[in-house]
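> Let me begin by handing over the structure; questions about it come next.
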Amino acid sequence: MTRPNTTTSGALMALLAFALFAVHDVIVKHLGATYSTFQIVFFTALLSFPALTIVLISDEKPGTLRPRHPWWIALRSLAGAVSGLCAFYAFATLPLSEVYAYIFAAPLLITVLAIPVLGETVRLRRGLAVMVGLVGVIIVLQPGATALSPGHIAALTAAVASALASVIVRKVGAEERKVLMILYPMLTNLAVTAVVLPFVYIPVPLTHLALLAADSLLVLVAMWLLVMAYSRTAAAVVAPMQYSQIIWATIFGILLFAEYPEWHIYLGTGVIMASGLYILWRESTESVSENTPVLRNRTRPGHVVSLRVSQLLKRKRDKC
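This is the structure in structure tokens:
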């Protein structure tokens with residue numbers, strides 16, 4: 001049983017982690033007004049490489065860099081690259097609170113994708129929760145009332161791609177070396193953006209380069225905090241803390257970008273959050289979900305660093 005003090009500290013660490021993710025999103029939005037999404041993703045991934053290399057070379061498990069499931073790894077790498085690019089573009093073009101509404105829909109999509117990919121059985125209650133959550137997405141979108149912009153399409157695509165990547169990790173992660181689950185998505189991000197970079201490149205002053213470096217560092221620190229949080233308390237306690245980002249989105253949006261979201265954004269986000277919380281609760285009960293795909297998705301969508309909290313957490317447990 002988790003002790004109350006460790007539960008509290010784990011929850012607080014998770015709150016701090018998601019606050020750092022929110023600051024990361026603010027930096028992406030700020031830089032997105034000047035630079036192409038491809039350039040921002042390229043530099044963010046490149047500047048993350050040194051820290052991730054330390055993790056890579058510390059892997060003591062013997063083996064080659066050839067994956068056992070090459071097609072699944074290729075699909076997961078491509079999904080990760082699409083998720084990062086689309087999320088960065090969405091943050092640059094849409095209000096923060098609106099992008100979070102779509103990111104919060106990831107648990108619903110993971111539940112749906114777990115059916116064909118993992119053979120998960122989704123019964124009536126979780127199925128209804130998914131449908132209610134999708135109604136929340138429709139409330140946010142307001143089809144017919146507002147024009148569907150490229151930013152909206154990008155945000156939805158980011159959520160779907162992130163959910164697909166998470167489900168693939170759940171399917172083959174136990175059989176693949178963790179170093180492969182990190183290396184190939186990271187190289188895919190760099191390769192895809194490097195191809196486009198010559199056509200969109202704008203010289204980067206030192207101040208913006210420092211922001212890009214800080215952005216990469218924020219993600220790594222946030223992921224470390226999540227590892228510590230999951231080490232201290234149950235996933236059912238940590239995972240809901242991601243919804244605290246809507247508070248930061250409101251504060252940062254008003255103070256930094258003069259964004260005043262309309263009522264339907266908050267209504268739709270509330271519906272999505274309620275359905276996501278219900279799915280998390282259902283998966284945490286016994287004999288409801290064989291794979292618990294949502295509870296095991298421990299990395300927040302919307303960044304390009306390929307290292308996942310679940311991988312770091314497993315390494316930490318293996319050393320204990």
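Using my numbering, the first residue of the sequence shown is number 1, and each one after it goes up by one. Quick reminder that beta carbons are idealized off the backbone N, C-alpha and C, glycines included.
Measuring only the C-alpha atoms, how far is T292 from I110?
If you take the alpha carbons of T292 and I110, they lie about 10 Å apart.
> Identify every run of the alpha helix (DSSP H) within the region 62–129, keeping only runs that are complete inside it and at least 4 residues long; order them along the chain.
Listed in chain order, the complete alpha helix (DSSP H) runs (minimum 4 residues) inside the region 62–129 are 70–93, 96–103 and 106–118.
> Would a C-beta distance cut-off of 8 Å place D215 and I27 closer than the cut-off?
Result yes, Cβ atoms of D215 and I27 sit closer than 8 Å.
> Helix, strand or coil: how does DSSP classify V240 here?
Contrary to the premise, residue 240 reads as Pro rather than Val in this sequence. In this structure, P240 counts as helix in the three-state DSSP scheme.
> Below 8 Å between beta carbons: does that hold for G268 and I153?
For G268 and I153, no; Cβs fall outside 8 Å.
> Is the beta carbon of L113 sitting closer than 8 Å to the one on K171?
Not a contact, by the Cβ cut-off of 8 Å.
> So the candidates are H69, A236 and T250; which of them puts its Cα closest to the Cα of S284?
The shortest C-alpha separation from S284 is found at A236.
> Identify which residue in A106, I182 and W71 has its Cα closest to the Cα of I54.
Of A106, I182 and W71, the residue nearest in Cα terms is I182.
> Grab the span of the alpha helix (DSSP H) containing L217 for me, first residue to last.
Per DSSP, L217 belongs to the alpha helix (DSSP H) from L206 to R232.
> Contact check, A239 vs L295 under 8 Å by CB: the rounded distance?
Right, their Cβ atoms sit about 6 Å apart.
> Going by beta carbon distance, what residues of the same chain come within less than 6 Å of S289, once the five residues before and after it are set aside?
Only E283 meet the Cβ criterion.
> Taking 8 Å as the threshold (C-beta atoms), are P261 and A159 in contact?
Not in contact: A159 and P261 (Cβ atoms no closer than 8 Å).
> Pairs of beta-carbons, one from the region 177–197 and one from the region 15–32, closer than 8 Å: are there three or more?
The answer is no - the region 15–32 does not touch the region 177–197, with fewer than three Cβ pairs under 8 Å.
> Suppose the cutoff is 7 Å on Cβ atoms and the five residues either side in sequence are ignored; what does the same chain contact list for L256 look like?
V26, listed in sequence order.
> Taking buried to mean at least 16 other C-beta atoms within 10 Å of its own C-beta, is V200 buried or exposed?
Burial call: exposed.
> Do the CB positions of S275 and Y184 come within less than 8 Å of each other?
Against a cut-off of 8 Å, the Cβ pair of Y184 and S275 comes out as no contact.
> Expressed to the nearest angstrom, what Euclidean distance is found between the alpha-carbon atoms of V122 and P50?
Near 41 Å, if we compare the C-alpha coordinates of P50 and V122.
> Where does S149 land, buried or exposed, given buried means 16+ other C-beta within 10 angstroms?
The residue is exposed, with fewer than 16 neighbouring Cβ atoms inside 10 Å.
> Cβ of R232 within 8 Å of Cβ of T6?
Yes, these two residues count as a Cβ contact at 8 Å.
> Quick one: residues in its chain with C-beta nearer than 8 Å to the C-beta of V82, no 5 flanking neighbours on either side, listed in chain order?
If we look at V82 and ignore the five residues flanking it on each side, its Cβ neighbours are T157, A158 and A161.
> Secondary structure at L295, three-state DSSP: helix, strand or coil?
Correct three-state label for L295: coil.
> Check for me: the alpha helix (DSSP H) holding P185 runs from which residue to which?
K178 to V200 is the extent of the alpha helix (DSSP H) around P185.
> Taking only the alpha-carbon atoms, compute the straight-line gap between A210 and R126 and give it to the nearest angstrom.
Taking the straight line from one Cα to the other gives about 44 Å.
> Where do the ends of the alpha helix (DSSP H) carrying R300 lie?
No alpha helix (DSSP H) contains R300, which DSSP labels as neither H nor E.
> Pick out whichever of T8, I103, G10 and M13 has its Cα sitting closest to the Cα of H303.
The option with the nearest alpha carbon to H303 is I103.
> Looking at L197 and F38, is the spacing between their C-beta atoms short of 8 Å?
Their beta carbons are under 8 Å apart, which means F38 touches L197 by this criterion.
> By how many angstroms is the C-alpha of Q142 removed from the C-alpha of A129?
When rounded, the distance between both Cα atoms is 20 Å.
> Looking at the secondary structure, which residues open and close the alpha helix (DSSP H) in which Y278 lies?
It spans W263 to S284 - the alpha helix (DSSP H) in which Y278 sits, taken as one unbroken run.
> Can you give me the C-alpha to C-alpha distance between A33 and G133, rounded to a whole angstrom?
Going by the C-alpha atoms only, they are around 31 Å apart.
> Which residue marks the beginning of the alpha helix (DSSP H) containing A249, and which one marks its end?
Per DSSP, A249 belongs to the alpha helix (DSSP H) from Q245 to F257.
> Can you tell me which of the three DSSP states V288 falls into?
If DSSP states are grouped into helix, strand and coil, V288 belongs with coil.
> Closest to M131 by CA distance: which of G173, I272 and V167 is it?
Minimum Cα distance to M131 is reached at I272.
> So A229 and A17 are in contact, right, with Cβ under 8 Å, and what is the actual spacing, rounded?
7 Å between Cβ atoms; contact.
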